[in-house]
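Asker: Shown below is the structure under consideration.
Residue numbers (our numbering): 132 to 330.
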């Protein structure tokens with residue numbers, strides 16, 4: 132992994148050149164400006180050979196977002212991890228004068244190590260299903276652990292193939308003790324928990 136280097140400012144470089152030209156050694160100059168000996172030596176060498184203290188013009192387009200912009204983007208995602216990059220870029224473009232794309236938002240988040248989160252999908256529970264769930268809980272609630280522990284190996288859940296007419300008729304005559312669980316209720320259906328253990 133490449134170590135990130137901190138750049139010296141132009142004013143520090145000018146000070147290094149001034150102190151060296153006034154007769155101080157490179158080591159003394161580096162101590163005075165609180166930098167390493169090699170940094171001071173590099174600034175002086177570049178000034179002598181190329182007669183410049185500024186950086187060369189870098190290749191590629193400069194970054195669109197500043198440090199402040201990046202902090203804003205990261206803060207938005209920390210507050211609400213389920214936001215999309217599209218929404219954050221829209222909020223950013225409304226608030227600030229610079230415009231950024233959703234890909235820029237993704238790049239900033241990747242660099243910061245922030246991961247998005249998708250909201251867990253929940254079943255829609257209609258009023259009818261809600262009453263079925265409640266009546267099931269009232270009917271079988273308060274029983275001992277033994278009732279929930281005695282599960283048949285051929286137990287049924289609300290899988291569509293178990294709710295077919297011929298299966299229901301067969302169960303009516305052959306399985307009179309069948310526990311009727313409400314639809315879409317994995318929390319109330321003990322078979323779901325058993326399947327999790329078996330898998």
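Note that CB positions come from ideal geometry on N, CA and C, so glycine has one too.
Taking 8 Å as the threshold, find out whether the stretch 243-261 comes into contact with the stretch 208-220 through three or more Cβ pairs.
Answerer: In short, these stretches touch, since the Cβ pair count reaches three.
Asker: What is the DSSP secondary structure of residue 208, counted as helix, strand or coil?
Answerer: Three-state result, residue 208: helix.
Asker: According to DSSP, simplified to helix, strand and coil, what is residue 349?
Answerer: Coverage of the chain is limited to positions 132 through 330, which leaves residue 349 absent and any answer about it impossible.
Asker: Counting Cβ pairs closer than 8 Å, one from the stretch 141-156 and one from the stretch 166-178, do we hit at least three?
Answerer: With the cut-off at 8 Å, the stretch 141-156 and the stretch 166-178 touch.
Asker: Quick one: using the 10 Å Cβ neighbour count with 16 as the cut-off for buried, is residue 144 buried or exposed?
Answerer: Classification for residue 144: buried.
Asker: Compute the distance between the beta-carbons of residue 195 and residue 250, then report whether it is under 8 Å.
Answerer: Cβ atoms of residue 195 and residue 250: not closer than 8 Å.
Asker: Output the boundary residues of the alpha helix (DSSP H) element that contains residue 303.
Answerer: Taken as a continuous stretch (DSSP letters only), the alpha helix (DSSP H) holding residue 303 covers 296-305.
Asker: When we look at the beta-carbon of residue 140 and count the other beta-carbons within 10 Å, is it buried (16 or more) or exposed?
Answerer: By the neighbour-count rule (16 or more Cβ atoms within 10 Å), residue 140 is not buried but exposed.
Asker: When you compare only the Cα positions, how much space is there between residue 137 and residue 155?
Answerer: In a straight line, the C-alpha of residue 137 is about 24 Å away from that of residue 155.
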